[in-house]
Amino acid sequence: MSQAIIIYETRTGNTRIIAEAIQEGMKKAGVEVLLKRTAETKADDMADVAAVILGAPTYHHDLISSMKTFLFEMEKADLNGKIGAAFGSYGWSGESVQIMGDTMKHIFGMEVMEPGLKIKRRPTESSLEQSKEFGKKIAEKIKRGGD
Ligand SMILES: Cc1cc2nc3c(=O)[nH]c(=O)nc-3n(C[C@H](O)[C@H](O)[C@H](O)COP(=O)(O)O)c2cc1C
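In terms of numbering that gives the first Met the number 0, the sequence shown opens at residue 0 and continues consecutively.
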């Protein structure tokens, strides 16, 4: 059974590349992790995992709308006390990461890892390494049991 799920949204593919690198970093650190897009994810998919990692880009100083809709689906799951983390690609302001992190913390009662991961536009070799490292940090927290 998966210990974590990465749920992402993207318009031009940049956030998907980050999501895949985070997944790779987590797998390398020994954690089973599913990767799904918002439209194919249901509240039940989050029932048995220790961590939920959300990824979405910023458009018009806001979260991409499909992820906004998904946050209402997420409300149906009991996420209290689970580990949360947020990431996303952006161009110049990158509000999406803060919005997802704040929602996980204040609405769902999750233990959110700060800071989230903001990657400018299409990931470079170095930002891919940063993404894998972010995944490794999440995996280590899961393995420690959330401490
Ligand atoms: C119409 C439009 C509006 C955008 N608005 C913002 C914005 O307000 N702030 C920001 O940081 N980036 C903004 N961006 C840049 C995107 O966040 C950036 O291209 C990002 O890499 C897209 O990620 P994606 O490939 O996962 O969709 C905008 C891009 C477009 C095309």
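The C-beta atom is built at its ideal place from N, Cα and C for all residues, glycine as well.
Predicted model only: the values in this text are computed from it and were never measured.
So, residue i versus residue j, is the Cβ gap smaller than 8 Å?
i	j	result
L78	V51	yes
I118	A49	no
G100	E110	no
T57	E19	no
I4	L62	no
S130	G24	yes
L53	S1	no
R143	N13	no
D47	K35	no
Just to confirm, does residue i get its C-beta within under 7 Å of one of the non-hydrogen atoms of ligand 1?
i	result
G100	no
P56	yes
T11	yes
G93	yes
T14	yes
S64	no
S88	yes
R120	yes
H105	no
Report the partner residues of residue i according to the DSSP bridge assignment.
i	result
G87	K117
G144	The partner list for G144 (beta bridge, DSSP) is empty, contrary to what the question assumes.
V32	A3
I82	A50 and E110
Check the C-beta distance from residue i over to residue j and give it rounded, since I have them as a contact under 8 Å.
i	j	result
A55	M66	4 Å
T40	I6	5 Å
A205	A42	What the structure shows of the chain is the stretch from 0 to 146, and residue 205 is not part of that stretch, so it cannot be assessed.
G87	V96	5 Å
G115	G80	Not quite, the Cβ-Cβ distance comes to about 19 Å (not below 8 Å), so this is no contact.
field: Contained beta strand (DSSP E) runs [length at least 3] in the region 6-70, N- to C-terminal order
entry: 32-36 and 50-54
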